[in-house]
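Below: the structure, in structure tokens.
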Amino acid sequence: MEFVENAFSEYEMVTVDGVRIRLSGDDWQGWFLCRPSNTEPILVMRAEATTEAGLAEIRALAHDKIGGMIDLKKFDES
14 MEFVENAFSE
24 YEMVTVDGVR
34 IRLSGDDWQG
44 WFLCRPSNTE
54 PILVMRAEAT
64 TEAGLAEIRA
74 LAHDKIGGMI
84 DLKKFDES
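The opening position of the sequence shown corresponds to residue 14 in my numbering, with each subsequent residue numbered one higher.
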């Protein structure tokens, strides 16, 4: 989780049980969450935004910040 915290260090975040980052654009608001699973040895990632374009921006940001170290295939499919 330290890698994810460092990757998103310039963003407002909450680090209780993972890393949750608040994000916004000109016409949208949203968030990205990365946390360890409670039942499997995997990272769980979720994102929400008020628009589809906002969600696409959040996914692109995740790829830019952590995609080189973490497989984001399932995140993209969700």
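Cβ atoms here follow ideal geometry from the backbone N, Cα and C, with glycine treated the same way.
Measure how close the beta-carbons of residue i and residue j come, nearest whole angstrom, since I'm counting them as under 8 angstroms.
| i | j | result |
| --- | --- | --- |
| arginine 35 | tryptophan 44 | 5 angstroms |
| isoleucine 71 | alanine 20 | Contact flag wrong, Cβ pair sits at about 14 angstroms. |
May I have the straight-line CA-CA distance separating residue i from residue j, to the nearest angstrom?
| i | j | result |
| --- | --- | --- |
| serine 37 | methionine 26 | 13 angstroms |
| tyrosine 24 | aspartate 39 | 16 angstroms |
| serine 50 | glutamate 15 | 16 angstroms |
| histidine 76 | proline 54 | 21 angstroms |
| threonine 63 | lysine 87 | 21 angstroms |
| glutamate 61 | leucine 68 | 6 angstroms |
In chain order, what residues of the same chain have a beta carbon less than 7 angstroms from the beta carbon of residue i, not counting five sequence neighbours either side?
| i | result |
| --- | --- |
| threonine 17 | Strictly speaking, residue 17 in this sequence is valine, with threonine absent from that position. So the qualifying residues of the chain are Val32, Cys47 and Ile79. |
| aspartate 30 | Arg48 |
| alanine 66 | Trp41 |
Can you find the residues in the same chain that come closer than 8 angstroms, C-beta to C-beta, to residue i, ignoring five residues on each side of it along the sequence?
| i | result |
| --- | --- |
| aspartate 89 | Arg72 |
Can you name, in chain order, every residue of its own chain whose Cβ lies under 6 angstroms from the Cβ of residue i, other than the five neighbours on each side?
| i | result |
| --- | --- |
| proline 59 | Reading off the sequence, residue 59 comes out as arginine, not proline. Excluding sequence neighbours, arginine 59 sits near Leu46. |
Which runs of the alpha helix (DSSP H) at least 4 residues long sit entirely within the stretch 39-84? Give them in chain order.
Every alpha helix (DSSP H) of 4 residues or more that sits fully in the stretch 39-84 is shown, in chain order, as 65-79.
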